[in-house]
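Asker:
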Amino acid sequence: MLEGKIDDRESPLHIHLGQVMSRGEKMEFTIQKSIELGVSLITPLFSERCGVKLDSERLNKKLQQWQKIAIAACEQCGRNRVPEIRPAMVLEAWCAEQDEGLKLNLHPRASNSINTLPLPVERVRLLIGPEGGLSADEIAMTARYQFTDILLGPRVLRTETTALTAITALQVRFGDLG
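Under the numbering used here, the residues of the sequence shown are numbered 147 to 324, in order.
1. Return the first residue and the last residue of the alpha helix (DSSP H) that F320 is part of.
2. Between I177 and A216, how many whole angstroms is the CB-CB distance? I'm expecting something under 8 Å.
3. Pick from T308, P266, F293, L250: whose alpha carbon is nearest that of G278?
4. Starting from Q165, follow the beta strand (DSSP E) in both directions and report where the run begins and ends.
5. In or out: E203 buried (at least 16 other Cβ within 10 Å) or exposed?
6. Which class does E246 belong to by DSSP, given the choice of helix, strand or coil?
7. Between which two residues does the alpha helix (DSSP H) carrying I285 extend?
8. So what does N226 bridge to, in DSSP terms?
9. Using only CA atoms, which one of Q211, R169, I274 lies nearest to P233?
10. Is it the case that the Cβ atoms of P300 and R195 are separated by a distance below 8 Å?
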């Protein structure tokens with residue numbers, strides 16, 4: 147390391163994680179570990195099957211708690227920048243946002259996998275659904291917004307496992323892991 151120069155530990159792959167909120171400590175675990183794996187931005191989402199119901203005051207407290215978790219995760223893994231945890235929003239509003247890069251939706255019956263995605267990829271918008279998955283209407287909606295359905299493998303994973311597995315696979319293929 148050169149004197150006076152900060153060692154940049156940020157991934158060259160920009161991943162914006164859209165995570166449908168999960169119950170209990172699962173969301174906190176997902177936020178912590180996804181930041182350790184190099185996610186750049188996280189947006190908590192509400193969907194039809196989202197089991198989390200929070201009023202605005204509790205949601206604001208959660209957001210503050212999640213940001214503290216993000217800071218601690220960055221300290222743990224030596225990241226230079228703390229990823230933003232955006233305020234929660236409805237799934238369709240998040241999908242409708244204009245963003246450059248690849249838009250991915252994890253789906254257990256998809257025909258594409260991370261290994262079949264075209265190279266190179268610098269930006270990914272990664273959607274992780276709730277426990278029980280997205281509804282048929284929500285899956286159709288993601289297709290209207292040009293999300294590509296991808297499969298991680300033959301097993302159905304829990305929502306928190308899905309996020310971390312997908313992020314790891316993306317970082318190995320396009321980022322700085324491996």
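Note that the Cβ used here is the ideal one computed from N, Cα and C, for glycine as well.
This structure is a prediction, so every number in the text was calculated from the model and none was measured.
Answerer: In this structure, then:
1. One-based indexing of the sequence shown puts residue 320 at position 174. Counting along the chain, F320 sits inside the alpha helix (DSSP H) bounded by residues 305-320.
2. Within the sequence shown, residue 177 is the residue found at index 31, counting from 1. Within the sequence shown, residue 216 is the residue found at index 70, counting from 1. Correct: roughly 6 Å between the Cβ atoms.
3. As a working mapping, residue 278 is identified with position 132 in the sequence shown. Taking only the C-alpha atoms, the option nearest G278 is T308.
4. Working through the sequence shown from its first residue, we reach residue 165 at position 19. For Q165, the uninterrupted beta strand (DSSP E) run begins and ends at 160-166, by DSSP.
5. As a working mapping, residue 203 is identified with position 57 in the sequence shown. When all chains shown are included, E203 counts as exposed.
6. Against the sequence shown, residue 246 aligns to sequence position 100. E246: coil per DSSP, three-state reduction.
7. Sequence index remark: in the sequence shown, residue 285 carries index 139 (1-based). Unbroken alpha helix (DSSP H) run through I285: 282-290.
8. Taking the first residue of the sequence shown as position 1, residue 226 is located at position 80. None, per the DSSP bridge assignment.
9. Taking the first residue of the sequence shown as 1, we reach residue 233 at position 87. For P233, the closest C-alpha among the options Q211, R169, I274 is that of Q211.
10. Along the sequence shown, read from residue 1 onward, the residue named residue 300 stands at position 154. Along the sequence shown, read from residue 1 onward, the residue named residue 195 stands at position 49. Cβ distance not < 8 Å, so P300 and R195 don't count as in contact.
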